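In what follows, a single structure is set out as structure tokens and then discussed.
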Amino acid sequence: MLSPLRRTVFSCMAIAVFGTWLCYGTAARAETVPETAATATATDAQTDGQQPLTISAEHALEWDRSHSRYIARGAVEVRQGDTAVFADRMYAYYGTGAAGGMGNISRIEMEGNIRVESPPYTAYGTTGVYDVTGGKATLIGDNLKIVTPGEVITAQNMLEYDREAQTFTANGGARVVRGQHVLDAENLTAQFGKAKGDTDKLALKEVRARGNVVLSTPREKIRGKAAVYSAASDIAVMTGGISIEQGQNVLHGDKAQMDMKTGVSQLIAGGSGGDGRVHGVFYPSSGKN
Numbered sequence: 007m008l009s010p011l012r013r014t015v016f017s018c019m020a021i022a023v024f025g026t027w028l029c030y031g032t033a034a035r036a037e038t039v040p041e042t043a044a045t046a047t048a049t050d051a052q053t054d055g056q057q058p059l060t061i062s063a064e065h066a067l068e069w070d071r072s073h074s075r076y077i078a079r080g081a082v083e084v085r086q087g088d089t090a091v092f093a094d095r096m097y098a099y100y101g102t103g104a105a106g107g108m109g110n111i112s113r114i115e116m117e118g119n120i121r122v123e124s125p126p127y128t129a130y131g132t133t134g135v136y137d138v139t140g141g142k143a144t145l146i147g148d149n150l151k152i153v154t155p156g157e158v159i160t161a162q163n164m165l166e167y168d169r170e171a172q173t174f175t176a177n178g179g180a181r182v183v184r185g186q187h188v189l190d191a192e193n194l195t196a197q198f199g200k201a202k203g204d205t206d207k208l209a210l211k212e213v214r215a216r217g218n219v220v221l222s223t224p225r226e227k228i229r230g231k232a233a234v235y236s237a238a239s240d241i242a243v244m245t246g247g248i249s250i251e252q253g254q255n256v257l258h259g260d261k262a263q264m265d266m267k268t269g270v271s272q273l274i275a276g277g278s279g280g281d282g283r284v285h286g287v288f289y290p291s292s293g294k295n
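For the sequence shown, counting from 1, position 46 maps to 52 in my numbering; every step adds exactly one.
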């Protein structure tokens, strides 16, 4: 039988992480709980309309005064409203300038099996850091991905989140999969915004790709230096040394526009180099079909 753990209940102020709120403040009371989980609950929000917040951990929830931080260990869950953050461990660091020696939390570190659920997206990583002042977060490690109802965004090196701009940036071996279309690049930035006809929901608005961009469709593969995809029009525009591969057939130009709805691709000539013309090499059918 495990010995009873201590549960600390905080009356506190709150800060946003991926749209989620973390509690910080002065410990109000501690009570013995005959369970295997430690929980902190904020029910008296200081901002009107703020929802209750809960931080829970299977092993322990600690206040480390010597390092000015809170530590949650073991299947950590941070919840408020429809948003939740999950990790094996979480460290919340605060300053020491405010009354009571608490100050403001300026940095949050997460470790192990990180999952951030904030509709419409869920983000995954191994290690995460959140800069509270700048409103930005970074995820690194294995299985870096963002999943939404319509697309999956992955990266090999890093995922970055900007709360104010509502953007996710995938760095290193970045990829967006949307239905049968796949966009690969060195770096991708996905812009989210209010969904059409529903101001309470977010949806993908735009994707910007940079560096060795490749757009793959069921019919062709298009290569270039940069691309912009608009979710509203379902059209992608690619620039910089364009090549379109359709089986053995290859076309070259300076700019391409791809309509994902109709499947029509348009190659456009440019004056940035070469003879300013579009070129295509077409191979006749082998006649074996």
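Cβ atoms here follow ideal geometry from the backbone N, Cα and C, with glycine treated the same way. Since the model is a prediction, treat every value here as computed from it, not as a measurement.
Residues sharing a beta bridge with residue i, DSSP
i: Q272; result: Q263
i: T175; result: E166, T195
i: G141; result: Looking at the DSSP assignment, G141 forms no beta bridge with any residue, so it has no partner.
i: E123; result: A90, T128
i: N255; result: Q252
i: G134; result: M116, L145
i: D70; result: R75
i: H285; result: H258
i: K151; result: Y130, T160
i: K227; result: S222, E251
i: H187; result: R184
i: E64; result: E64 pairs with nothing; no bridge assigned.
i: A98; result: Y76, I114
i: K200; result: L208
i: S236; result: E212, I241
Span separating the alpha-carbon of residue i from that of residue j
i: K261; j: L221; result: 13 Å
i: S236; j: T139; result: 31 Å
i: V284; j: T173; result: 35 Å
i: F288; j: V256; result: 7 Å
i: Y127; j: G141; result: 17 Å
i: V270; j: H258; result: 16 Å
i: L210; j: S239; result: 12 Å
i: E226; j: T132; result: 35 Å
i: G80; j: E170; result: 30 Å
i: G101; j: G217; result: 40 Å
i: T245; j: A233; result: 6 Å
i: G253; j: Y130; result: 36 Å
i: R95; j: S62; result: 11 Å
i: D88; j: S112; result: 24 Å
i: A93; j: Y167; result: 17 Å
i: P224; j: E192; result: 22 Å
i: I248; j: G282; result: 13 Å
9 Å Cβ cutoff met for residue i and residue j
i: I77; j: E68; result: yes
i: G134; j: E117; result: yes
i: I274; j: I250; result: no
i: I159; j: A180; result: yes
i: T175; j: L165; result: yes
i: M266; j: G185; result: yes
i: N149; j: N163; result: no
i: A242; j: Q263; result: yes
i: A143; j: L194; result: no
i: I114; j: Y136; result: yes
Exposure of residue i, with buried meaning 16 or more beta-carbon neighbours within 10 Å
i: I120; result: buried
i: G230; result: buried
i: D190; result: buried
i: T268; result: exposed
i: R71; result: exposed
Nearest-angstrom Cβ-Cβ length linking residue i and residue j, presumed shorter than 8 Å
i: S74; j: Y99; result: 6 Å
i: V188; j: E157; result: Not confirmed; about 10 Å, so no contact.
i: A196; j: V213; result: 5 Å
i: K207; j: P125; result: 7 Å
Near the ligand HEM: residue i beta-carbon under 8 Å from a heavy atom
i: V256; result: By its list of ligands, the structure shown contains no ligand whatsoever, and the ligand HEM lies outside what it can speak to.
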